[in-house]
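Residue numbering for the sequence shown is 103 to 277, as defined by our numbering. Note that beta-carbon positions come from the ideal geometry of N, C-alpha and C, so glycine has one too.
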Amino acid sequence: KGEFPLGDPQTFILLSRIEAAMQRDVATEGELHIGCDVARFGDDRTVVFGRAGLHVFVDPRIAGRTSIPDVVAMILDYAHEIRQRTGHPAGNVKIKVDDGGLGGGVTDMLRLAAERDSALEICPCNFGGKGNEEYGNAATVWWAALRDCIDRISLPDNEDLAGELSSRHFGFALT
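Next comes the structure, spelled out in structure tokens:
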């Protein structure tokens, strides 16, 4: 029919679906979540994103060359900010940290903070951890969960985020 594809057929989440989520506005309600990918002193960047329900906030925290205590402070400050913004100053916040490698120290320090603030729930995430019957590792299970809800969420209109989310590809493993 001469119709162009909506994206690379081996992309895990099509760019067109990501762009639609970036144009969608979803109410800021529901559980508060924070996710952190820890980079520390390498060339990569530490990224902290927050969301309320299916609404992802437009103001992630992104920093290069961060120490573990700096990352913990960044996460706790962000948790305080999103609690205030959503009108839940003492509300529960699930904090999910890439616990592999450098993230382990962040998780440990956040657990100490959670002893003083019982509304913080620290959830270590091991991206290389065990998958399920469909996907070979935990990271791909989580990517699939995002892909399955992408048509209901709102994402910030951010070119870097769109590039990151549309860059994951899939293949098939023979078992």
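Excluding its 5 nearest sequence neighbours in each direction, Val243 has C-beta neighbours in its own chain below 7 Å: Gly233, Asn234 and Tyr237, listed in chain order.
For Leu117, the enclosing alpha helix (DSSP H) starts and ends at Leu117 to Gln125. Between Leu212 and Val174, the alpha-carbon positions lie close to 6 Å from each other. Scanning Glu266, Phe143, Leu134 and Cys138 for the CA closest to the CA of Gly155 turns up Leu134.
Going by DSSP, Ile252 is part of no beta strand (DSSP E) at all; its letter is neither H nor E. Contact between Leu214 and Val140 is ruled out by a C-beta separation of about 16 Å, above the 8 Å threshold. The region 196–225 is shown to contain whole alpha helix (DSSP H) runs of 4 or more residues at 205–218, in chain order.
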